[in-house]
Amino acid sequence: MKANNKEELYKALNECRLSELPKKATDKVVWVKAIIKALTSKGDVTYCIAFQPTYKGQIAIKKAFSNESIVKVLEIYPYEIIAPSTVKNIINSTKEEIYETLKPLLYKKDIEAYSEEELKVKALQMQIDATLIDKPKI
Numbered sequence: 006m007k008a009n010n011k012e013e014l015y016k017a018l019n020e021c022r023l024s025e026l027p028k029k030a031t032d033k034v035v036w037v038k039a040i041i042k043a044l045t046s047k048g049d050v051t052y053c054i055a056f057q058p059t060y061k062g063q064i065a066i067k068k069a070f071s072n073e074s075i076v077k078v079l080e081i082y083p084y085e086i087i088a089p090s091t092v093k094n095i096i097n098s099t100k101e102e103i104y105e106t107l108k109p110l111l112y113k114k115d116i117e118a119y120s121e122e123e124l125k126v127k128a129l130q131m132q133i134d135a136t137l138i139d140k141p142k143i
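Heads up, the sequence shown is in the numbering used here, so the first residue is 6 and it goes up one at a time.
Structure, rendered in structure tokens:
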């Protein structure tokens, strides 16, 4: 690891209040915030702080520690995820169960317009939204 890379990694860890790099993400993890290892336009490896504003959506860079453009995400190290038990519960829920959960948050006609799969994605998205709300700084 180049000295610059190491310095950028330490900056990212410090910014996220982490003492070490979290475990590398797998496809099964629904992550919200992460440190990412990325490739720059000059071909250098750098580290950034990122978040995922939509379920399985694009990655948004919150803070980059390089002046170069990011061209490719190489690895993702999530430090805030949706609990696997929550994801499993949503995936295994029926449309009626999800409806009961979302009923106070959405209009009935809107919920009925969604397919079961769309409702599951909506429920996961609401979990992501709730996690992205800034928490008080300690």
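Don't be surprised by glycine CBs; every beta carbon is placed ideally from N, CA and C.
Around the C-beta of Gln57, are 16 or more other C-beta atoms found within 10 angstroms, so that it is buried, or is it exposed?
As a first step, residue 57 must be located in the sequence shown, where it is residue number 52. Looking at its Cβ environment, which holds 16 or more other Cβ atoms inside 10 Å, Gln57 is buried.
Cβ distance (whole Å) where Lys38 is taken to contact Pro83 below 8 Å
Position 33 of the sequence shown, counting from 1, holds the residue named residue 38. Position 78 of the sequence shown, counting from 1, holds the residue named residue 83. Right, their Cβ atoms sit about 7 Å apart.
For the beta strand (DSSP E) that contains Val78, what are its first and last residues?
In the sequence shown, residue 78 corresponds to position 73, counting from 1. Ile75 to Ile86 is the extent of the beta strand (DSSP E) around Val78.
Confirm, please, whether the CB-CB distance from Ile40 to Ile87 is below 8 Å.
By 1-based counting over the sequence shown, the position of residue 87 is 82. By 1-based counting over the sequence shown, the position of residue 40 is 35. Contact: no.
Would you call Thr51 buried or exposed, if buried means 16 or more other Cβ atoms sit within 10 Å of its Cβ?
Stepping through the sequence shown from its first residue, residue 51 is reached at position 46. Under this definition Thr51 is a buried residue.
Continuous alpha helix (DSSP H) stretch holding Tyr104: start and end
The residue given as residue 104 occupies position 99 in the sequence shown. Residues Lys100 to Leu107.
If we call anything under 8 Å between Cβ atoms a contact, is Glu20 one with Ile66?
On the sequence shown, position 15 is the one that residue 20 refers to. On the sequence shown, position 61 is the one that residue 66 refers to. No, these two residues do not count as a Cβ contact at 8 Å.
So Trp36 packs on Ile81, CB below 8 Å; how close in whole Å?
As a position in the sequence shown, residue 36 is number 31, starting the count at 1. As a position in the sequence shown, residue 81 is number 76, starting the count at 1. Going by Cβ atoms, the distance from Trp36 to Ile81 rounds to 7 Å, so yes, they are a contact pair.
Just the Cα atoms here: how many angstroms apart are Thr59 and Gln130?
Numbered from 1 along the sequence shown, position 54 holds the residue referred to as residue 59. Numbered from 1 along the sequence shown, position 125 holds the residue referred to as residue 130. Computed Cα separation, rounded: 6 Å.
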